[in-house]
Amino acid sequence: MNFKAVILDIDGTLVPHKKTISQATLDAIHQLKEKNLKVVIATGRAPYFSTSIIQETGVDSMVFFNGAYVYHEGKEIYKNVFEKSVLKKINELSHQSKHPLTFLGGKSFKATDLTHPFVVEAFRHETWRPELAPSQFWQDQDIYQLFLHCDLEEELRYQTDIPELDFRRWSSGARTCDVNVTNSHKAVGLTKLLENLGIAPDEAVAFGDGLNDIEMLTMAGMGVAMGGARQEVKQAADMVTLSAEEDGVLHGLKRLGLI
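For what it's worth, this note's numbering labels the leading residue of the sequence shown as 1185, then goes sequentially.
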């Protein structure tokens, strides 16, 4: 297959968890660009969580919020925001259950409780911190994604009562999960972007490690799971490379003969 694009997740793929991107990975991206391969970043992060990665890599095609917002060369390609009626349902249920929410808008993110231990834990190792959400925050702007802060067994009620939403745990044992509109995932946003670029999905290679990468890996012509990925992710991939700590992106690209 003559691949034309390489799609890269950020956390656990481009960047080892809680660390910075390695020079070897940056050099690999530079080599891809020299070979006129389109490099795309697809992440669960918001744009304002990704500024340093954008600057370091020089990538200008990005999929944010697990596919809910896409831009290319500074222009918006696609967006999929929460309906206010759905936000009202989860806001009321979380308030009744005393589970904090973090609302991620286009320009900022705010949490309903800054002192709750699950919220503190979620942002403990990050450089960014949420502000307290005014009661009308979710009504006054577009919301692309939520973080629901609760235990796994408590999440089940939300899944049952609000089928309009999908819930993905950050990791095994995590007390926070991503919340997105049902059937809104990275593959949806990437399909919109690749159409804009004139690239077919089977002409793309995708690297990822998380549960939110499974649709992306199965969509691409070559799905590559990182060595540190969960077993479900590896099973969805066509190939498994080394972990992010071992420069797995570089290793995988070499195995595929792309650099």
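All C-beta atoms in this analysis are idealised placements derived from N, C-alpha and C, irrespective of residue type, glycine included.
Coarse secondary structure for residue i, derived from DSSP in three states
i, result
"F1249", "helix"
"L1381", "helix"
"H1201", "coil"
"D1386", "helix"
"H1134", "No answer is possible for residue 1134: it lies beyond the span of the chain, which begins at 1185 and ends at 1443."
"G1436", "helix"
"V1243", "coil"
"D1211", "helix"
"V1270", "helix"
"M1410", "coil"
"K1263", "strand"
"L1221", "coil"
"F1233", "helix"
"I1443", "coil"
"G1373", "helix"
"D1393", "coil"
Exposed unless 16 or more other CB atoms sit within 10 angstroms - verdict on residue i
i, result
"V1254", "buried"
"I1194", "buried"
"K1370", "buried"
"G1258", "exposed"
"H1283", "buried"
"V1304", "exposed"
"T1264", "The identity of residue 1264 in the sequence shown is Asn, whereas the question assumes Thr. With 16 or more other Cβ atoms within 10 Å, it is buried."
"D1397", "buried"
"A1404", "buried"
"L1395", "buried"
"R1308", "exposed"
"T1425", "buried"
"E1310", "exposed"
"P1200", "buried"
Pick from the options that is closest to residue i, judged by C-alpha positions
i, options, result
"K1203", "A1226, I1237 and V1223", "I1237"
"Q1415", "G1392, L1381 and S1234", "G1392"
"A1189", "P1200, K1217 and T1197", "K1217"
"P1347", "L1336, D1335, A1358 and N1367", "N1367"
"Q1320", "V1372, T1296 and S1281", "T1296"
"N1186", "L1395, T1209 and L1221", "L1221"
"A1226", "T1209, H1214, D1244 and F1302", "D1244"
"L1442", "S1427, A1413 and M1406", "M1406"
"K1268", "V1424, E1276 and S1206", "E1276"
"F1248", "G1242, E1240 and I1261", "I1261"
Query raised in the report: Quick check: the region 1330 to 1337 against the region 1360 to 1369, are there 3 or more CB pairs under 8 angstroms?
Result: Counting C-beta pairs closer than 8 angstroms gives three or more between the region 1330 to 1337 and the region 1360 to 1369, which meets the contact rule.
**Report entry** Those runs of the beta strand (DSSP E) which lie wholly inside the region 1282 to 1315 and span at least 3 residues
**Finding:** Unbroken beta strand (DSSP E) runs of no fewer than 3 residues, entirely contained in the region 1282 to 1315, are found at 1285 to 1289 and 1293 to 1295, following chain order.
Report task. Specify whether the region 1341 to 1349 and the region 1312 to 1321 touch according to this definition: at least 3 beta carbon pairs, one from each stretch, less than 8 angstroms apart. Result -> With fewer than three CB-CB distances shorter than 8 angstroms, the region 1341 to 1349 does not count as touching the region 1312 to 1321.
**Report entry** 3 or more residues per run - each beta strand (DSSP E) lying fully within the region 1308 to 1360
**Finding:** Secondary structure within the region 1308 to 1360: the beta strand (DSSP E) runs of 3 or more consecutive residues, fully enclosed, are 1327 to 1333 and 1349 to 1353 (chain order).
Query raised in the report: If you pair each beta-carbon of the region 1423 to 1438 with each one of the region 1376 to 1396, do three or more pairs fall below 8 angstroms?
Result: Taking a cut-off of 8 angstroms on C-beta distances, the region 1423 to 1438 touches the region 1376 to 1396, as three or more cross pairs fall below it.
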